[in-house]
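Novice: Numbering (my numbering), first residue to last: 2 to 189.
We put the beta carbon where it would ideally sit given N, CA and C, even for glycine.
#1: Output needed for residue 174: all residues of its chain with C-beta closer than 6 Å, excluding positions within five of it in sequence on either side, in chain order.
#2: Determine the direct distance from the alpha carbon of residue 52 to that of residue 84, and round the result to whole angstroms.
#3: Ends of the beta strand (DSSP E) at residue 174?
#4: Count the other CB atoms, across all protein chains shown, that sit within 10 Å of the CB of residue 17; report buried if there are 16 or more and exposed otherwise.
#5: Is residue 1 helix, strand or coil when you go by DSSP?
#6: Among 44, 76, 82 and 181, which residue has its Cα nearest to the Cα of residue 68?
#7: Is the beta carbon of residue 50 less than 9 Å from the beta carbon of residue 14?
#8: Taking buried to mean at least 16 other C-beta atoms within 10 Å of its own C-beta, is residue 95 buried or exposed?
#9: Based on the DSSP output, what are the partners of residue 74 in its beta bridges?
#10: Whose CA, out of 48, 19 and 4, lies closest to the CA of residue 11?
#11: DSSP state of residue 45, grouped into three classes?
#12: So what's residue 168 in DSSP terms, helix, strand or just coil?
#13: Which residue marks the beginning of the beta strand (DSSP E) containing residue 108, and which one marks its end?
#14: When DSSP labels each residue in this structure, what does residue 9 get in the three-state scheme?
#15: The beta strand (DSSP E) spanning residue 88 covers which residue range?
#16: Among 99, 137, 62 and 168, whose alpha-carbon lies nearest the alpha-carbon of residue 151?
#17: Once you ignore the five residues that flank residue 170 on each side, which residues in its own chain have a CB closer than 6 Å to its CB?
#18: Pick helix, strand or coil for residue 117, following the three-state DSSP scheme.
#19: Grouping DSSP H, G and I as helix and E and B as strand, with all else coil, what is residue 63?
#20: May I ask you to report which of helix, strand or coil DSSP gives residue 146?
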């Protein structure tokens, strides 16, 4: 079934997998009870469905092969077109290598070590996660040609000296941004 939920309050969180009978079990589907001695949630604890969401760029065959930003939800098994005209998406992760609460480098996903994603348990005994932010850039174009000449853009904007020249006379814009990862930023 692969449906997971998280039950949590400000101090605790427990993840459960829903089995085929509709009962909730921790661990493997249907093998363990969800009661865990000594773990109590505060009043107002919430239950949230856990989902893996993938964003990607592909041609939309239903829209004249327009490049489009898509979203796929693993929990629902649904794919939806979000934004037409997105030609490219670049992502880098902000990594705090020395654990001083400041991002030291931004790196491509295939360069970030798996240990940089380690979980922090809030007690100070586990390693603090090194990945603290995501930096992204979207290259978006108009549907029709509107320019009288080719266009050169700095893209991706976070790569020194990077540029791209397009000759199809369609107006393009770069939309960059940086997002801090929830529970991984430090507020003094």
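Specialist: The short version:
#1: 141
#2: 21 Å
#3: 171 to 181
#4: buried
#5: In this structure the chain extends from 2 to 189, so residue 1 is not present and cannot be described.
#6: When each option's Cα is compared against that of residue 68, the closest is 82.
#7: no
#8: buried
#9: For residue 74, the beta-bridge partners assigned by DSSP are 54 and 79.
#10: 48
#11: In this structure, DSSP gives residue 45 a state outside helix and strand, which the three-state scheme calls coil.
#12: coil
#13: 106 to 108
#14: strand
#15: If you look at residue 88, you'll find it in the beta strand (DSSP E) that goes 87 to 96.
#16: The candidate whose alpha carbon is nearest that of residue 151 is 168.
#17: Apart from the 5 residues on each side of it in sequence, residue 170 sits with its Cβ closer than 6 Å to the Cβ of 146 and 148 in its chain, given in chain order.
#18: helix
#19: Secondary structure of residue 63 (DSSP, three-state): helix.
#20: strand
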